[in-house]
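For reference, the structure discussed in these notes is given below.
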Amino acid sequence: MKAYIPLIVATCLLLSAGCTVGPDYVRPTAVATMPAAFKELDGWKVAEPKDSALHERWWELFNDPTLNSLAEQVKISNLTVAVAEAQFRQARAQLQGAKAGYFPTVSVGASAARSQRSGSLGAGSTGGATSSDFLLPLDVTWELDLWGKVRRDVEAREADSQAAAANLAAVTLSSQAELALDYFLLRTVDSQKQLLEATTTVYTKALELTTNRYAAGVAAKSDLLLAQSQLKSTQAQALDLGVQRAQLEHAIALLMGKPTAEFSLPSLPLTLTAPPPPVPVGLPSVLLERRPDIAGAERRVAAANAQIGVAEAAWYPTVRLSASGGFEATSVSRWLSWPSRFWAVGPAVAESVFDGGLRRAQDEQLKGAYDATVATYRQTVLTGFREVEDNLAALRILEEESLVQNEAVKAAADSVTIVRNQYKAGTVSYLSVIVLQASELANERSAIDILGRRMSATLLLIKALGGGWAPPP
Numbered sequence: 246m247k248a249y250i251p252l253i254v255a256t257c258l259l260l261s262a263g264c265t266v267g268p269d270y271v272r273p274t275a276v277a278t279m280p281a282a283f284k285e286l287d288g289w290k291v292a293e294p295k296d297s298a299l300h301e302r303w304w305e306l307f308n309d310p311t312l313n314s315l316a317e318q319v320k321i322s323n324l325t326v327a328v329a330e331a332q333f334r335q336a337r338a339q340l341q342g343a344k345a346g347y348f349p350t351v352s353v354g355a356s357a358a359r360s361q362r363s364g365s366l367g368a369g370s371t372g373g374a375t376s377s378d379f380l381l382p383l384d385v386t387w388e389l390d391l392w393g394k395v396r397r398d399v400e401a402r403e404a405d406s407q408a409a410a411a412n413l414a415a416v417t418l419s420s421q422a423e424l425a426l427d428y429f430l431l432r433t434v435d436s437q438k439q440l441l442e443a444t445t446t447v448y449t450k451a452l453e454l455t456t457n458r459y460a461a462g463v464a465a466k467s468d469l470l471l472a473q474s475q476l477k478s479t480q481a482q483a484l485d486l487g488v489q490r491a492q493l494e495h496a497i498a499l500l501m502g503k504p505t506a507e508f509s510l511p512s513l514p515l516t517l518t519a520p521p522p523p524v525p526v527g528l529p530s531v532l533l534e535r536r537p538d539i540a541g542a543e544r545r546v547a548a549a550n551a552q553i554g555v556a557e558a559a560w561y562p563t564v565r566l567s568a569s570g571g572f573e574a575t576s577v578s579r580w581l582s583w584p585s586r587f588w589a590v591g592p593a594v595a596e597s598v599f600d601g602g603l604r605r606a607q608d609e610q611l612k613g614a615y616d617a618t619v620a621t622y623r624q625t626v627l628t629g630f631r632e633v634e635d636n637l638a639a640l641r642i643l644e645e646e647s648l649v650q651n652e653a654v655k656a657a658a659d660s661v662t663i664v665r666n667q668y669k670a671g672t673v674s675y676l677s678v679i680v681l682q683a684s685e686l687a688n689e690r691s692a693i694d695i696l697g698r699r700m701s702a703t704l705l706l707i708k709a710l711g712g713g714w715a716p717p718p
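Position one of the sequence shown corresponds to residue 246 (my numbering), numbered consecutively onward.
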């Protein structure tokens, strides 16, 4: 045994001086030229919020207690988030499994056998003789990481684990943003329904007036029929909104991981005088760190780069250091005695000299996979920039449209007041009233729709900016 100690020491020294094959990771450039600012901010600046950065509980910007309670439950009960969380735990376990390659494998066992030797083995054989064999071995095997195969594998698994963590954050953000979008769409529907119900009340009074005028012989039968048609059409529009509201309510229940039969939301219209909250935008370069999907794509590039090193290590010989020892005897009484001991120790070197091009093909395959992840990373970055620009443009244009639409609503309301008085005075037909009332209702519904779209654009901007996620240090 002592004769092998210098060999073991020399092997360990060789291990410590071992190299790591494969390319060292360098983060690829995201875009050819990083813009200094977002284009859609030129000539227009978003109102500055109180805080200069989004926080993890970004939905609290809307000051809506119902939304706060719903968004909190997504992280706990959403099943898509649960899948991503399980995948993260799986990736973390794979990282721990890769780190096990740094250490030797130790196994121990025990066996007992009774055997009889064949008498047909040739001259001198002791045919028919029986013997016992009691074995208690301890085996140690260690594959030395001379070329960095294990180190590259750990590097790849660590990047995969970080990518899985970023994916969990991306899925959580996407689910919470989708819930908030559905929530504000539902509130927009509630506002539309409230408007139609209020309009129905007005049209009912108008029908009563027209009915009285017809009974007195002042109004024509056509006026009465127009008033009835207008009322029933508006009631039908209000009822039709129930389909969309039910579907949105069901979608929110699904995002919360609840059966649709066990979830309902009371009607809560939007406040037309409350604009969407301001959102801190920041610089394009910050987006690369703030979006979890971009961070995850970059980590997958790092993992693909490390896998190239794992494949290149296959070109070099593998060196294993093995040792075994224990006790072996032909009887139980002598099994664990000192003379029954045995041991063996020594290295083994193996090298593939021909594999039909397998290793070269694996190298090319992993280099192709790396190039694909780089392209995916850059595409994710460009998509992030586009989503921010899209929603900045939407917010800017919708804010201008809202101001114009509010003026249109006021003008329509004034015109309806005038023509209604003219109709009471008998100077115009009821058709004139119908036309202007329809215009007023259309303008009011457009104003509600624009506010809902502004809320949606704000939510999509928050999602495009990465919500309140921040990468771990």
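We put the beta carbon where it would ideally sit given N, CA and C, even for glycine.
Within the continuous beta strand (DSSP E) that includes L566, where are the two ends? 563-574
Rounded distance between the beta-carbons of A411 and I541, thought under 8 Å: The residue you asked about is not Ile; residue 541 is Gly in the sequence shown. G541 to A411, Cβ: 3 Å. Contact.
Would you mind working out which of E403, D405, A519 sits nearest R699, comparing C-alpha positions? A519
Name the DSSP bridge partner or partners of A358? For A358, the beta-bridge partners assigned by DSSP are D378.
On the premise that T479 lies in contact with D468, defined as a C-beta separation below 8 Å, what is that separation, rounded to the nearest angstrom? With 8 Å as the limit, D468 and T479 do not qualify as a contact, their Cβ atoms being about 17 Å apart.
Paired residues, beta bridge with S352 - DSSP: D384
Quick check on DSSP: helix, strand or coil for W588? strand
What three-state label does DSSP hand A461 in the structure shown? coil
Test item: CB-CB of A298 and P525 under 8 Å: yes
Every unbroken alpha helix (DSSP H) inside the region 471-546 [4 residues or more]: 529-535
G601 versus P268: straight-line alpha-carbon distance, rounded: 25 Å
Kindly list the residues whose CB is nearer than 8 Å to the CB of S701, restricted to its own chain and excluding five residues on each side of it in sequence; keep chain order. L426, F429, L430
Taking its Cβ as the centre, do 16 or more other Cβ atoms sit within 10 Å of W392, making it buried, or is it exposed? Buried: at least 16 other Cβ atoms inside 10 Å.
Cutting at 8 Å between CB atoms, please list the residues of its own chain near S660, excluding the five before and the five after it. Closer than 8 Å at the Cβ level, and outside the excluded window around S660, lie L681, S684, E685.
Counted within 10 angstroms of its Cβ, other Cβ atoms place N636 as buried (16 or more) or exposed: N636 should be labelled buried.
Taking the alpha-carbon positions, what's the L380 to G354 distance? 8 Å
Please state whether DSSP places A593 in a helix, a strand or coil. The answer is strand: DSSP assigns A593 an E or B state.
Of all the options L484, E646, K450, which has the alpha carbon lying nearest to the alpha carbon of D694? E646
Can you give the beta carbon distance from D398 to V564, rounded, assuming they're within the 8 Å contact cut? Contact flag wrong, Cβ pair sits at about 17 Å.
Less than 8 Å between the CB atoms is what I'm expecting for L513 and R432, so what's the real figure, rounded? 6 Å
Judging by CA-CA distance, which residue of A316, T625, S691 is the nearest neighbour of A657? Among A316, T625, S691, the Cα nearest to that of A657 belongs to S691.
For the candidate residues E301, L510, Y347, whose alpha-carbon lies nearest to that of T311? L510
Do you know offhand how far I226's Cα is from V328's? Missing from the structure shown is residue 226; the chain here goes from 246 to 718 and no further.
Does the separation of the CB atoms of L722 and T445 fall below 8 Å? The chain is shown from 246 up to 718; residue 722 falls before or after that span and cannot be answered.
Would Y675 and L486 qualify as a contact pair, given that the criterion is a beta-carbon distance under 8 Å? no
With H, G and I counted as helix, E and B as strand and the rest as coil, what does DSSP make of N308? coil
Where does A262 land, buried or exposed, given buried means 16+ other C-beta within 10 angstroms? With a pLDDT of only 48 at A262, under 50, the local geometry of the prediction cannot be trusted, and no value is derived from it.
For the candidate residues W303, P504, P716, whose alpha-carbon lies nearest to that of L533? P716
Looking at T618 and A549, is the spacing between their C-beta atoms short of 8 Å? yes
Going by Cα to Cα distance, which pick from S360, G697, N651, G712 is closest to N688? N651
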